[in-house]
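Using this note's numbering, you'd call the opening residue of the sequence shown number 4 and step up by one each time.
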Amino acid sequence: MASEPMRPEYVRDQVDEHDFGVIHKPLTAWERVYGNGLVRKAFILLALAAMWQAYAAYLDNSLVLPTFLDTLRAFGSRIADGELLTKSWVSIKVLLYGYAIGLVLALVFTILAMTSRVGNDLLETLTAMLNPLPAIALLPLAMIWMGLGNPSIIFVLVHAVMWPIALNMHSGFLGVSGTMRMVGRNYGLGGIGFVSRILIPAAFPNILAGLKIGWAFAWRTLIAAELVFGTSSGGGGLGWFIYENKNVLDIPAVFAGLFSVIIIGLLVENLIFRTVEQRTIRKWGMHS
Numbered sequence: 004m005a006s007e008p009m010r011p012e013y014v015r016d017q018v019d020e021h022d023f024g025v026i027h028k029p030l031t032a033w034e035r036v037y038g039n040g041l042v043r044k045a046f047i048l049l050a051l052a053a054m055w056q057a058y059a060a061y062l063d064n065s066l067v068l069p070t071f072l073d074t075l076r077a078f079g080s081r082i083a084d085g086e087l088l089t090k091s092w093v094s095i096k097v098l099l100y101g102y103a104i105g106l107v108l109a110l111v112f113t114i115l116a117m118t119s120r121v122g123n124d125l126l127e128t129l130t131a132m133l134n135p136l137p138a139i140a141l142l143p144l145a146m147i148w149m150g151l152g153n154p155s156i157i158f159v160l161v162h163a164v165m166w167p168i169a170l171n172m173h174s175g176f177l178g179v180s181g182t183m184r185m186v187g188r189n190y191g192l193g194g195i196g197f198v199s200r201i202l203i204p205a206a207f208p209n210i211l212a213g214l215k216i217g218w219a220f221a222w223r224t225l226i227a228a229e230l231v232f233g234t235s236s237g238g239g240g241l242g243w244f245i246y247e248n249k250n251v252l253d254i255p256a257v258f259a260g261l262f263s264v265i266i267i268g269l270l271v272e273n274l275i276f277r278t279v280e281q282r283t284i285r286k287w288g289m290h291s
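Put into structure tokens, the structure is as follows:
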């Protein structure tokens, strides 16, 4: 039996793979290096460090601006004796308490806003009133109500975290498409089940953005609060470390404390939030 002729759209000419030399052309060393985001960022950091070192050497006044190498030496010595590690852990522990409480409250207010009109009006009113209010402005009231110590710091941290997270979460929920909402309703979901299975996954890019903003606000508020009063029962965090060394004019140690704040911020952003983003938003194809 003779075979049927092949349809024209399935006929392919034999093409030599060398005709696609442009596609198979290996990247040059420079293209491989330039294409690595980590390398580019490291180069930027090295350039900033070099400019810092050069300008500090030009000023030649360690009370105004210590050199980058002096700061590294102070940072290394305070890490070696454990002081910076202890101060960092004190700050991080307090921040985690405030961040967790603020996140839970933001979630509660947002769920209420999505399940009732009164809750929506309440959230919109409170965010309009309190979100523009700097958290550090509440510090005097916190000192009067709760005294010196961690409870007052946690109070201002909750304020710093709660409203930006709630605002971004609410905005993300409102942006969920009607089709997704109808799918949830068709499956009989309502209340918390509707929020947890439909709204949160669909609005996760906005939620993650709110978590990042809340973290940044909380970290800045914590250091500022500790600069005012960071000692509790004889101890304190990074802000208090900076304040103490400023009083004794140990400026390299002051910059070492600031250096620690920057490093912790970079680690949280690149190790925690970046990992969450890659395993959720990018994996789900929700990244623009």
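Glycine included, each C-beta is placed from N, C-alpha and C at the ideal position. Predicted, not measured: the structure shown is a model, and the values here were computed from it.
| query | result |
| --- | --- |
| Rounded Cβ spacing between residue 226 and residue 175 (contact assumed at less than 8 Å) | Actually they do not touch by this definition, with Cβ atoms about 28 Å apart. |
| Simplified DSSP state of residue 134, which is helix, strand or coil | coil |
| Touching by the beta-carbon criterion (3+ pairs, under 8 Å), the segment 268-278 and the segment 208-222 | yes |
| Span of the alpha helix (DSSP H), counted from its first residue to its last, around residue 188 | 181-189 |
| Short Cβ contact (7 Å threshold) for residue 109 with residue 146 | no |
| Euclidean distance between Cα positions of residue 219 and residue 98 | 11 Å |
| Reduced DSSP category for residue 119 - H, G, I as helix; E, B as strand; rest coil | coil |
| Residue 160 beta carbon less than 7 Å from that of residue 224 | yes |
| Close-in-space but distant-in-sequence residues of the same chain around residue 1 (CB under 7 Å, 5 per side omitted) | An answer regarding residue 1 cannot be provided, because it is not within the stretch 4 to 291 covered by the chain. |
| Cβ-Cβ separation, residue 106 to residue 116 (assumed contact under 8 Å), whole Å | Contact flag wrong, Cβ pair sits at about 16 Å. |
| Neighbourhood of residue 167 by C-beta, 8 Å cutoff - its chain only, sequence neighbours within 5 removed | 134, 213, 216, 217, 220 |
| Neighbourhood of residue 222 by C-beta, 7 Å cutoff - its chain only, sequence neighbours within 5 removed | 98, 268 |
| Backbone CA spacing between residue 302 and residue 201 [nearest angstrom] | With the chain covering 4 to 291 only, the question about residue 302 has no answer from this structure. |
| Cα-Cα separation, residue 151 to residue 228 | 11 Å |
| Residue 278, enclosing alpha helix (DSSP H) - first and last residue | 277-282 |
| Rounded C-alpha distance that separates residue 262 from residue 250 | 18 Å |
| Sequence-distant residues of its chain with Cβ nearer than 7 Å to residue 280 (five each side left out) | 211 |
| Residue 18 versus residue 282: straight-line alpha-carbon distance, rounded | In this prediction, residue 18 scores a pLDDT of 49, lower than 50, which makes its location untrustworthy; the coordinate-derived value is nonetheless stated afterwards. If I take the Cα positions, the gap works out to 40 Å. |
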